[in-house]
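This report refers to the structure that appears directly beneath it.
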Amino acid sequence: MRHFITTILLLFLFSVTAISQDGTPINRKDAQGKKTGVWKDYYKSGKVRYVGQFKNDLPVDTFYYFYPDGKLQTLLVHLKKDYAYAKMYYSTGDIMAEGKYFQQKKDSVWKTYGAEGVLVTKGGYIHGARTGKWETYFANGNVAEMVQYRNDIEVDEYKAYYENGNLKEETQFENGFKEGLTTFYDEDGNKLLKGFYKKSMRNGKWIYYKPNGTVDKIVEYENGKAKDNPNNLEVPEVVKSQRKEVLELEDLKGRIKYD
């Protein structure tokens, strides 16, 4: 992968040098004020931030984005009208994310990666909003959590898992809040506790279980607080993948920026 990226960069830098040497102007606009030809933008240091081409004020072909130190940050390939395919990279050269844009907003399936190209998340977008099933993965490839989205809001079924693949939590979301019956399990698959959420706060009776499956205790909650201990706000830990946090690149958050 890194050798491939280096080859692309060498070919690209050669082509940019050729453009500069033959005197072809850059950052031009036509008589109607529309961007045309090669455009370049720079960091304050003078290093190139991006290079790409426009035709009739629309981006075409491939745009190259760079980190301040000159390493490749993003390849943005413009496909048919309104569509583009992006590949983003860490400064190490490892892939960070990949997916499509439609009308400059994320669309279809997107994947993000951690160290050494390990898949972290996968899910779909429609017009920039998360939609449908999204999964987060452990480093071993097992699913860490599964959540459903509608217009960027959590809805319907949610499940979290242990790294060994066993179920950790199952619940439902409604308009971004946990609602209804929720059950937690230990790493061996034994039931730990169950109860009801209302707007992501515990309400009603929550049943705690012993390792042998018998009831250990029952605690009644109101608006997230145990009635016999109102200062205790007990919320079980939600599973998280213990890997590098994946951050989107500044240039490609939400909408694509060309200037």
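In the UniProt record's numbering, the protein residues as written are 1 to 259.
Glycine residues also receive a C-beta, built at the ideal position from the N, C-alpha and C atoms.
What does the Cβ neighbour count give for leucine 79, buried or exposed, with the cut at 16 atoms within 10 Å?
The residue in question, leucine 79, is exposed, as its Cβ has fewer than 16 Cβ neighbours within 10 Å.
Taking all protein chains shown into account, decide if glutamine 32 is buried (16 or more other Cβ within 10 angstroms of its Cβ) or exposed.
Glutamine 32 comes out exposed.
Can you tell me which of the three DSSP states glutamine 21 falls into?
Low local confidence applies: a pLDDT of 44 at glutamine 21 is under 50, so the model's placement there is unreliable, and no value is given.
Per the DSSP calculation, glutamate 174 is bridged to which residue(s)?
Beta-bridge pairing links glutamate 174 to Phe177.
Taking DSSP as the reference, what is the three-state secondary structure of lysine 168?
It is a strand residue.
Does the beta-carbon of lysine 168 have 16 or more other beta-carbons within 10 angstroms, so that it is buried, or is it exposed?
It is buried - the Cβ of lysine 168 has at least 16 other Cβ atoms within 10 Å.
Looking at tyrosine 67 and tyrosine 50, is the spacing between their C-beta atoms short of 8 angstroms?
Not a contact, by the Cβ cut-off of 8 angstroms.
Please confirm whether tyrosine 83 and phenylalanine 102 have their CB atoms less than 8 angstroms apart.
Yes. Within cutoff.
Please report the distance separating the alpha-carbon of asparagine 142 from that of leucine 58.
About 41 angstroms.
The beta strand (DSSP E) spanning glycine 37 covers which residue range?
That run of the beta strand (DSSP E) goes 35-42.
To which residues of the same chain is glycine 124 closer than 7 angstroms at the C-beta, ignoring the five residues directly before and after it?
If we look at glycine 124 and ignore the five residues flanking it on each side, its Cβ neighbours are Ser108, Val109, Thr131 and Gly132.
Leucine 181: buried (16+ other C-beta within 10 angstroms of its C-beta) or exposed?
Leucine 181 comes out exposed.
Do valine 219 and tyrosine 209 have their CB atoms nearer than 8 angstroms?
No; because the gap between Cβ atoms is not below 8 angstroms, this pair is not in contact.
Measure the C-alpha to C-alpha separation of glutamate 170 and alanine 160 and round it to an integer number of angstroms.
For glutamate 170 and alanine 160, the distance between alpha carbons rounds to 7 angstroms.
Give me the Cα-Cα distance between valine 77 and asparagine 140, rounded to the nearest whole angstrom.
Near 31 angstroms, if we compare the C-alpha coordinates of asparagine 140 and valine 77.
Any idea which residues DSSP pairs aspartate 107 with across the strands?
Answer is Lys100.
Determine the burial state of isoleucine 26: buried for a count of at least 16 other Cβ atoms within 10 Å of its Cβ, exposed for fewer.
Counting Cβ neighbours within 10 Å, isoleucine 26 comes out exposed, since fewer than 16 surround it.
Distance, Cα to Cα, tyrosine 162 vs glutamate 145?
Tyrosine 162 and glutamate 145: Cα-Cα distance of roughly 9 angstroms.
Are the Cβ atoms of tyrosine 197 and lysine 178 separated by less than 8 angstroms?
Yes, Cβ-Cβ distance for tyrosine 197 and lysine 178 is below 8 angstroms.
Please look up how many angstroms separate the CB atoms of valine 155 and phenylalanine 173, rounded, as I've assumed it's under 8 angstroms.
About 5 angstroms separates the two Cβ atoms, so the contact holds.
Thinking glutamine 53 and aspartate 61 are a contact (beta carbons under 8 angstroms), I'd like their distance in whole angstroms, please.
Sure, about 5 angstroms apart at Cβ, within 8 angstroms.
Kindly indicate the opening and closing residues of the beta strand (DSSP E) around tyrosine 149.
Counting along the chain, the beta strand (DSSP E) containing tyrosine 149 begins and ends at 143-150.
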